[in-house]
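Student:
Numbering (UniProt numbering), first residue to last: 1 to 289.
(1) By Cβ distance, which residues of its chain are closer than 7 Å to residue 121, with the 5 residues on each side in sequence left out?
(2) Check for me: the beta strand (DSSP E) holding residue 123 runs from which residue to which?
(3) So, do the region 124-131 and the region 63-80 have three or more beta carbon pairs nearer to each other than 8 Å?
(4) From the DSSP output, in three-state form, read off residue 205 for me.
(5) Quick test of your reading: residue 228 and residue 208, contact by CB under 8 Å. State the CB separation rounded to the nearest angstrom.
(6) Please list, in chain order, all residues of the same chain as residue 62 whose beta carbon is under 6 Å from its beta carbon, the five residues on each side excluded.
(7) Threshold first: 4 residues or longer. Then list the alpha helix (DSSP H) segments lying entirely within the UniProt domain "Acyl-ACP thioesterase-like C-terminal" (183-287), N to C.
(8) For residue 97, which residues in the same chain have their Cβ closer than 6 Å to its Cβ, ignoring the five residues on either side in sequence?
(9) Among 202, 183, 286, which has the Cα closest to the Cα of residue 252?
(10) Applying the 10 Å Cβ sphere with the 16-neighbour rule, what's the burial state of residue 145?
(11) When DSSP builds the beta bridges, which residues end up paired with residue 83?
(12) Looking only at its chain, what residues have a beta carbon closer than 7 Å to the beta carbon of residue 43, apart from the 5 residues adjacent to it on each side?
(13) Shortest alpha-carbon distance to residue 73 belongs to which of 84, 106, 175, 88?
(14) Which residues in the same chain as residue 143 place their Cβ atom closer than 6 Å to its Cβ, once the five residues preceding and following it in sequence are excluded?
(15) What separation, rounded to the nearest whole angstrom, lies between the Cα atoms of residue 236 and residue 163?
(16) Does the Cβ of residue 87 have 16 or more other Cβ atoms within 10 Å, making it buried, or fewer, making it exposed?
(17) In whole angstroms, what separates the C-alpha of residue 92 from that of residue 134?
(18) From residue 219 to residue 94, what does the alpha carbon distance come to, in whole angstroms?
(19) Which same chain residues, not among the five before or five after residue 35, have their C-beta less than 6 Å away from its C-beta?
(20) Using the Cα positions of residue 186 and residue 270, report the straight-line distance between them to the nearest angstrom.
(21) With H, G and I counted as helix, E and B as strand and the rest as coil, what does DSSP make of residue 110?
(22) Beta carbon of residue 267, beta carbon of residue 244: below 8 Å?
(23) Short check: CB of residue 280 to CB of residue 232, under 8 Å?
(24) Counting along the chain, where does the beta strand (DSSP E) carrying residue 90 start and finish?
(25) From residue 182 to residue 29, what does the alpha carbon distance come to, in whole angstroms?
(26) Report buried or exposed for residue 32, applying the criterion of at least 16 other Cβ atoms within 10 angstroms of its Cβ.
(27) For residue 18, which three-state DSSP category applies?
Below you can see the structure in the form of structure tokens.
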């Protein structure tokens with residue numbers, strides 16, 4: 001663990017109110033245009049989050065991680081909103097600045113600002129909501145007082161700062177259920193062993209790929225994903241089978257006013273193939289190239 005801490009390109013800011021980590025875009029993290037994929041960007045966010053929480057252990061003697069294990073708890077994502085204004089190219093270095101805020105005793109919120117390390121340009125922003133899940137019962141539960149205390153040792157929760165400028169509430173918009181018949185559909189998606197994370201369910205980043213899988217090729221050839229909102233409604237396990245549905249949706253008027261046209265929007269649904277239960281709702285916004 002000491003070696004990992006020395007090699008990791010991340011640490012808490014001097015004021016202790018955020019955690020910053022640098023990531024180089026690797027060849028296996030880019031798509032056909034030689035820029036990072038949205039899944040790669042989401043993986044950077046996830047890694048920065050985990051390293052932020054792990055770094056809390058350094059001044060507390062490992063108390064946070066050990067307490068979570070003793071209480072059979074883990075944090076799981078319930079909602080995520082990501083906006084990417086410019087995708088970094090292969091070999092570029094990006095910096096993720098992240099901080100969290102406790103929302104009562106049930107929910108925590110993680111904020112992210114993504115910058116080009118070479119220029120300081122903000123190229124993306126994100127926010128995610130987290131809740132505590134009991135790893136034995138798979139039920140959600142309140143965040144215990146002991147965990148609250150450990151999280152406050154880094155004072156990150158005292159900040160009311162948001163990653164998004166005031167007035168940008170795109171990630172808070174309600175996502176209606178997509179009803180049949182959907183315009184696009186991809187059926188029979190099955191998790192791979194590599195999709196399962198230590199929480200014994202499909203990792204939240206995998207859902208992004210499944211959501212996009214139903215869209216036709218010409219969308220990817222002529223447009224670029226600018227924003228994605230995901231609402232997680234159920235966990236997916238190894239032997240589940242999933243359908244991915246998508247349909248066009250009108251772009252919101254205030255988004256049209258903020259941006260200079262040339263946008264398309266889709267609403268998405270992931271559901272279990274057999275039971276039809278909802279797994280995930282999502283919305284994507286695409287800018288034309």
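Quick reminder that beta carbons are idealized off the backbone N, C-alpha and C, glycines included. Quick caveat: nothing in here was measured; it's all calculated off a predicted structure.
Tutor: So, from the data block:
(1) Result list for residue 121: 115, in chain order.
(2) First-last of the beta strand (DSSP E) with residue 123: 122-134.
(3) Contact between the region 124-131 and the region 63-80 is present, because at least three Cβ pairs lie under 8 Å.
(4) Assigned with DSSP and collapsed to three states, residue 205 falls in helix.
(5) The pair is a contact, with the Cβ atoms about 7 Å apart (cut-off 8 Å).
(6) For residue 62, the pLDDT reaches just 49, beneath the cut-off of 50, and the residue's location in the model is therefore unreliable, although a value from the coordinates is still provided. Same-chain partners within the cutoff: there are none.
(7) Scanning the UniProt domain "Acyl-ACP thioesterase-like C-terminal" (183-287) for uninterrupted alpha helix (DSSP H) segments of 4 residues or longer gives 204-213, 217-222, 253-258, listed from N- to C-terminal end.
(8) Correct list, in chain order: 18, 20, 113.
(9) Nearest in C-alpha terms to residue 252, of all of 202, 183, 286, is 286.
(10) Counting Cβ neighbours within 10 Å, residue 145 comes out exposed, since fewer than 16 surround it.
(11) Bridge partners of residue 83: 125, 227.
(12) By the criterion of a C-beta distance shorter than 7 Å, residue 43 is surrounded in its chain by 205, once the five residues flanking it on both sides are discounted.
(13) Among 84, 106, 175, 88, the Cα nearest to that of residue 73 is on 106.
(14) The answer, listed in chain order, is 105, 132.
(15) The straight-line gap separating the alpha-carbon atoms of residue 236 and residue 163 is approximately 29 Å.
(16) Flag for residue 87 reads buried.
(17) Distance from the CA of residue 92 to the CA of residue 134, rounded to the nearest whole angstrom, comes to 39 Å.
(18) Each residue's alpha carbon lies about 26 Å from the other.
(19) The residues are 87, 89.
(20) Across the structure, residue 186 and residue 270 are spaced so that their CA atoms are roughly 10 Å apart.
(21) Three-state result, residue 110: strand.
(22) Not a contact, by the Cβ cut-off of 8 Å.
(23) Closer than 8 Å, so yes.
(24) Counting along the chain, residue 90 falls outside any beta strand (DSSP E), and DSSP gives it neither H nor E.
(25) Cα-Cα distance, rounded: 30 Å.
(26) By the neighbour-count criterion, in which a residue is buried when 16 or more other Cβ atoms sit within 10 angstroms of its Cβ, residue 32 is exposed.
(27) In the structure shown, the three-state DSSP call for residue 18 is coil.
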